[in-house]
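S.K.: I am attaching a structure below and will ask some questions about it afterwards.
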Amino acid sequence: MHLPSPAERFLEDFHQRRPGTTSVAFAHLCSEQHASSYAALAATLPSSSASLSVLDLACGNGYLLELLEQLYPQRLQLTGVDLSQAELDEARARLPASVSLIKERAQALSLGTASVDVVVSHLALMLMDDIEQVLSEIRRVLRKDGKVATIVGRGFLLGAVGEAYLQVFRQVAQQDALAHLPMGDPRMRTEEGWRALFSADFEQVTVQDIDVAWQPDFAELWQSLSATYDVDRLTPAARVQLQERFKTAIDHLPHTDGTFATGWGLRLIQAHPRQC
Numbered sequence: 033m034h035l036p037s038p039a040e041r042f043l044e045d046f047h048q049r050r051p052g053t054t055s056v057a058f059a060h061l062c063s064e065q066h067a068s069s070y071a072a073l074a075a076t077l078p079s080s081s082a083s084l085s086v087l088d089l090a091c092g093n094g095y096l097l098e099l100l101e102q103l104y105p106q107r108l109q110l111t112g113v114d115l116s117q118a119e120l121d122e123a124r125a126r127l128p129a130s131v132s133l134i135k136e137r138a139q140a141l142s143l144g145t146a147s148v149d150v151v152v153s154h155l156a157l158m159l160m161d162d163i164e165q166v167l168s169e170i171r172r173v174l175r176k177d178g179k180v181a182t183i184v185g186r187g188f189l190l191g192a193v194g195e196a197y198l199q200v201f202r203q204v205a206q207q208d209a210l211a212h213l214p215m216g217d218p219r220m221r222t223e224e225g226w227r228a229l230f231s232a233d234f235e236q237v238t239v240q241d242i243d244v245a246w247q248p249d250f251a252e253l254w255q256s257l258s259a260t261y262d263v264d265r266l267t268p269a270a271r272v273q274l275q276e277r278f279k280t281a282i283d284h285l286p287h288t289d290g291t292f293a294t295g296w297g298l299r300l301i302q303a304h305p306r307q308c
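With the sequence shown counted from 1, adding 32 to any position gets you the numbering used here.
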């Protein structure tokens, strides 16, 4: 019987309480080449007209699956897997019945061996326990000529806004006695670490840094930050302190229209199954 780690328990609880958080935060943010980080993933699908089986690992509320359905109508056999029933319920409401949705862990997929052409995942792999087992499962379910494409985190808020936020957050978290809750393997914080992790089961690994730009006013900025994992773990009083101190710390940074120049640093990783 699987005993979830504290991090996994927290993530499941968070997404049960706050489904759809990720797509709300990222679906409207553009990179230089794509309308969103979701669109960057969608663009990795092969350009041929052949029918494809696609698995969205940690599919959340189904935003990426819906985008794929719209971009490649009648071409894809879509499956979404997620740990959160609340996320899957939202996904079910927005997706056609032809899309299969499964509640299970990425470390123990029920899909058959060599049953999937493409695995995609948006901002999830870097949070998962036992990433080597996750990658092994991805390799198992992929056909020999398949591929995996994933967007993972690279950096928090970009620029001076991010620097100010992290400094203030550390102070508030310390005063709030916020317990350390490690999420994911430390190797997933660097490009070299990702390449090493993928090298066991995959080849032709490419890693591309992607920045998504964001120019929010403070209300929008705080609304998004208040829905992040670490802020969710603070006490209500500490959240108020964080909001007030952060606002003061960046008072000198807004443009004349009251918005701030920032964004998020992401990575797009693509790979193909290693051939034996």
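Ideal Cβ positions, reconstructed from N, Cα and C, are used throughout, including at glycine.
#1: For R299, does the three-state DSSP call read helix, strand or coil?
#2: Note the first and the last residue of the continuous alpha helix (DSSP H) segment covering G225.
#3: Taking the alpha-carbon of Q302 as reference, which of V151, V173, G187 and F58 has the nearest alpha-carbon?
#4: To the nearest angstrom, how far is it from the Cα of T280 to the Cα of Y261?
#5: Going residue by residue through the segment 66 to 111, where are the continuous beta strand (DSSP E) segments of at least 3 residues, counting only ones entirely within it?
#6: How big is the Cα-Cα spacing for E101 and P128?
#7: To which residues of the same chain is A39 closer than 7 Å at the C-beta, ignoring the five residues directly before and after it?
#8: Among all the DSSP beta bridges, which residues are the ones paired with S55?
#9: Going by beta-carbon coordinates alone, are S147 and V173 separated by less than 8 Å?
#10: Starting from L174, trace the alpha helix (DSSP H) both ways and give me its first and last residue.
#11: Assuming L103 and A82 form a contact by the criterion Cβ under 8 Å, report the distance between their Cβ atoms to the nearest whole angstrom.
#12: Look up I242 in the DSSP assignment and say whether it is helix, strand or coil.
#13: Below 8 Å on the Cβ atoms is my guess for A140 versus D114; work out the distance and round it to an integer in Å.
#14: Please say whether M220 and I134 have beta carbons closer to each other than 8 Å?
#15: With a threshold of 8 Å on Cβ separation, who are the neighbours of L99 within its own chain once the five nearest residues in sequence on each side are excluded?
#16: Going by beta-carbon coordinates alone, are R299 and R171 separated by less than 8 Å?
#17: Just checking T267 against the ligand PLP - is the residue's beta carbon closer than 7 Å to any of the ligand's heavy atoms?
#18: On a Cα-Cα basis, can you pick out the residue from R277, L120, C62 and A57 that is closest to D88?
#19: For the alpha helix (DSSP H) holding H47, just list the boundary residues, first then last.
#20: Return the chain-ordered list of same chain residues with a C-beta closer than 8 Å to the C-beta of S168, the five sequence neighbours on each side being excluded.
#21: Tell me, which residues are paired with I134 by DSSP?
M.R.: Considering the structure as presented:
#1: Three-state result, R299: strand.
#2: E223 to S231
#3: Closest option to Q302, Cα to Cα, is V151.
#4: 22 Å
#5: 84 to 89
#6: One C-alpha to the other measures close to 9 Å.
#7: D161, L213, P214 and M215
#8: Its beta-bridge partners do not exist; DSSP assigns none.
#9: yes
#10: Looking at the DSSP string, L174 is not in any alpha helix (DSSP H); the run it does join, the beta strand (DSSP E), is L174 to L189.
#11: Incorrect: roughly 15 Å between the Cβ atoms, too far for contact.
#12: Strand, per DSSP.
#13: Going by Cβ atoms, the distance from A140 to D114 rounds to 14 Å, so no, they are not a contact pair.
#14: no
#15: Cβ within range, chain order: Y70, A71 and A74.
#16: no
#17: The ligand PLP is not part of the structure shown, which contains no ligands of any sort.
#18: L120
#19: P38 to R49
#20: A232 and D233
#21: Paired residues: V113.
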